[in-house]
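Using the numbering used here, the letters of the sequence shown map in sequence onto residues 35 to 277. One structure is given below, encoded as structure tokens.
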Amino acid sequence: MPGLDLAGDWVTRAASVAVLTGAGISAESGVPTFRGPSGLWRRFRPEDLATPEAFARDPRLVWEWYNWLRQRMAAARPNAAHFALVKLEARIARFTLITQNIDGLHERAGSAKILKLHGDIWRLRCMSCGADWPDRRATLPKLPPHCSCGGLARPDIVWFGEPLPVGVLRAAERAVTNAELLLVIGTAAQVYPAAGLIPLGKASGAKVVEINTEDTPFSGIADFALRGKAGELLPQLVERASR
Ligand code: OAD
């Protein structure tokens, strides 16, 4: 594929690379995406499950949904795309991985530096005292879970209508602003402020390479849009850049 050669050349030459990933990078691991024909938001309404209002209304129902997601995500294994990014991180001195994913598959693959824009399903946070802690059990035994202070615990993730962790967002903005190359992988680029990182990188002079099975609102501004599965294209891209 000539596009892969060209993009591989850009990766080889770039002194700084930022990567933005979305649910599509985990699709081949068996984690459902949010949008698209078999996306979660086709079957469930985000306003019933992924908002602070929904949690205030019915914390148990919301936790049952996240417990189900935890089971799906715990059963998944990182795929070739996650591993390709680990290789890339080792090769590029200034490398930043920014993810919208809460599934933890980048860490499990071995990526070290990860900016998690939307939090982490494997962490819980107390609604009363604000403490947060890891909990990697695939299924939480008692719903809704509580903190040792007695307060109600929530998943430590960002819900619709909530701000992103400000330090993480600023770091992501810095990374795309300073990047010579921005790889955008498996995101429908419809959720802000994450999607806004793409035009920000482009406006700051980064070459933008998109890997997605479909067109997105930002395919038009990408310097190259590679159409296909991340688990197939990304290892080929990284392999070309390693020659
Ligand atoms: P989406 O589910 O909206 O988009 C997934 C994208 O991945 C689509 O553009 C697909 O075409 C593409 N895709 C699917 N399979 C692929 C594959 N094998 N290789 C490459 N691309 C593939 O997921 P996000 O854009 O990540 O919010 O969604 C953004 C946010 O919306 C999520 O972080 C989540 C959700 O509500 C929170 O969890 C807070």
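Backbone N, C-alpha and C define an ideal beta-carbon position, used for all residues, glycine too.
| Query | Result |
| --- | --- |
| Nearest to G235 (by Cα), restricted to the options F252, I245, Y100 and D190 | F252 |
| Per DSSP, the bridge partner or partners of L186 | H180 |
| Length-filtered (4 minimum) alpha helix (DSSP H) runs lying within the stretch 43-124 | 58-61, 74-77, 80-83, 86-91 and 93-109 |
| Through-space distance from S145 to V45, alpha-carbon basis | 18 Å |
| DSSP bridge partner residues for P251 (one or two, in chain order) | Answer is none; P251 lacks a bridge partner. |
| Minimum C-alpha distance to T130 - residue among K121, V210 and A172 | V210 |
| Bridge-paired residues (DSSP) for N246 | R261 |
| Contact test: R69 Cβ vs the ligand OAD heavy atom, cutoff 6 Å | yes |
| Any 3 or more C-beta pairs closer than 8 Å across the stretch 146-158 and the stretch 185-193 | yes |
| Given 8 Å, three or more beta-carbon pairs between the stretch 102-112 and the stretch 259-269 | no |
| Close Cβ partners of G56 (< 6 Å) along its chain, the five nearest in sequence each way excluded | Q134, G220 and T221 |
| Nearest-angstrom Cα separation, counted from A223 out to A41 | 20 Å |
| heavy atom of the ligand OAD below 6 Å from G138 C-beta | no |
| Inter-residue spacing [alpha-carbon to alpha-carbon] between G164 and P197 | 16 Å |
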